[in-house]
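Going line by line, the protein sequences match chains A and B.
Going by this note's numbering, the first sequence opens with residue 1, and the numbers climb by one from there.
Going by this note's numbering, the second sequence opens with residue 1001, and the numbers climb by one from there.
Notes for the one structure printed next.
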Amino acid sequence: AQTVTQSQPEMSVQEAETVTLSCTYDTSENNYYLFWYKQPPSRQMILVIRQEAYKQQNATENRFSVNFQKAAKSFSLKISDSQLGDTAMYFCAFTPLIQGAQKLVFGQGTRLTINP
Amino acid sequence: DVKVTQSSRYLVKRTGEKVFLECVQDMDHENMFWYRQDPGLGLRLIYFSYDVKMKEKGDIPEGYSVSREKKERFSLILESASTNQTSMYLCASSAEGTYNEKLFFGSGTQLSVL
């Protein structure tokens, strides 16, 4: 069975600092996608960034970047120049490339607080 | 703006009641999903549907059923609600295509079963 583990239940940093959220996953698949989703207090889940496993280059989206280590099955999220609006729950997710709709497997989540 | 709408933000029901959670999307998406979210457990897939009248079990389907009679609507049914079904329920949809299609989520229904 595929599993996703986020070992940091909560994190807190000061505004403008850089923070890294960790994520590891377990799968026997070779082709898959990885995602980071954000859930602010409004509860609306928003896609932050995604990575294809066959791509060696790490994905970046403005202040958000990932460190994808396929051999180690690690997929961490780095937020640079953190802002108050980054306060949210962050979920790491994985989907194998199998027939049919993608079935995301989510981690437990990390609650991130950005302090002024 | 694209939207996934869940009919209730908060819901309180009694043990043994039949509960319907409704989800509507306006993006003509083929795929729709129901997840439940619990603290410390993240999101877990209950059921999903990749076409009208088609459904597949997710990781925790016990105690739930679903209905998709129209493309835009995906209903989650608790046949006889129990206290261990108290949870946040999230509906999501995505377009048919490659596996990196992002999911669009509703704002969730916080269900309390007393």
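All residues carry an ideal CB built from backbone N, CA and C; glycine is no exception.
DSSP bridge partner residues for residue i (one or two, in chain order)
i	result
B:GLN1110	B:TYR1010 and B:MET1088
A:GLN14	A:ASN115
B:GLY1042	B:ASP1038
B:GLU1017	Paired residue(s): none; B:GLU1017 is not in a bridge.
B:MET1032	B:SER1049 and B:SER1093
A:LEU97	According to DSSP, A:LEU97 bridges with nothing at all.
B:SER1067	B:SER1075
B:LYS1057	B:TYR1047
B:THR1005	B:VAL1024
B:THR1083	Answer is none; B:THR1083 lacks a bridge partner.
Residue i: CB within 7 Å of a non-hydrogen atom of the ligand COA
i	result
B:SER1007	The ligand COA is absent from the structure shown, which contains no ligands of any kind.
Burial state of residue i (16 or more Cβ within 10 Å)
i	result
B:TYR1064	buried
A:SER12	exposed
A:ASP86	buried
B:THR1109	buried
B:LEU1114	exposed
A:GLN56	exposed
B:GLN1037	buried
B:GLY1040	exposed
A:ASN62	exposed
A:LEU84	exposed
B:GLY1042	buried
B:VAL1019	buried
A:ALA88	buried
B:TYR1127	Nothing can be reported for residue 1127 of chain B, as the shown portion of chain B is limited to 1001 through 1114.
A:ALA59	buried
A:SER82	buried
A:SER28	exposed
B:SER1082	exposed
A:THR3	exposed
A:VAL19	buried
B:GLY1016	exposed
B:LYS1003	exposed
B:ASN1031	buried
B:GLU1012	In the sequence as displayed, the identity of residue 1012 of chain B is Val instead of Glu. It counts as exposed.
A:LYS38	buried
B:GLU1101	buried
> Closer than 7 Å, Cβ to any Cβ of chain B: which residues of the stretch 82–99 of chain A, in chain order?
Replying inline: Listed by position, the residues of the stretch 82–99 of chain A near chain B (Cβ gap below 7 Å) are PHE91, THR95 and LEU97.
> Touching or not, the stretch 41–50 of chain A and the stretch 1022–1030 of chain B, by the rule of three or more beta carbon pairs under 8 Å?
Replying inline: no
>> Using 8 Å as the cut-off, can you tell me whether the stretch 68–88 of chain A makes contact with the stretch 24–33 of chain A, which would need three or more C-beta pairs spanning the two stretches below that distance?
In response: yes
> Got a sec: which bits of the stretch 1055–1073 of chain B sit with their beta carbon under 9 Å from any beta carbon on chain A, in order along the chain?
Replying inline: Look at the stretch 1055–1073 of chain B: the residues with a C-beta under 9 Å from a C-beta of chain A are GLU1056, GLY1058 and ASP1059.
>> To be precise: take each residue of the stretch 1085–1111 of chain B, compare its Cβ to all Cβ atoms of chain A, and keep it if any distance is under 9 Å. Which residues remain?
In response: MET1088, LEU1090, ALA1092, SER1094, GLU1096, THR1098, TYR1099, ASN1100, GLU1101, LYS1102, LEU1103, PHE1104, PHE1105, GLY1106, SER1107, GLY1108 and GLN1110
> Which residues, taken in chain order from the stretch 36–65 of chain A, show a beta carbon closer than 9 Å to some beta carbon of chain B?
Replying inline: Residues are counted here when their Cβ sits less than 9 Å from a Cβ of chain B; for the stretch 36–65 of chain A these are TYR37, GLN39, SER42, ARG43, GLN44, MET45, ILE46, LEU47, ARG50, GLN51 and GLU52, given in chain order.
>> At 3 residues or longer, what runs of the beta strand (DSSP E) sit wholly inside the stretch 10–95 of chain A?
In response: 10–14, 19–21, 24–26, 32–39, 46–52, 64–69 and 74–79
> Between the stretch 1041–1057 of chain B and the stretch 1007–1020 of chain B, do at least 3 Cβ pairs fall closer than 8 Å?
Replying inline: no
>> Along the stretch 102–116 of chain A, where does the CB come closer than 9 Å to a CB of chain B? Name the residues.
In response: The stretch 102–116 of chain A vs chain B, Cβ under 9 Å: GLN102, LYS103, LEU104, VAL105, PHE106, GLY107, GLN108 and GLY109.
> Using a beta-carbon distance cut-off of less than 8 Å, what residues from the stretch 1016–1029 of chain B approach chain A?
Replying inline: none
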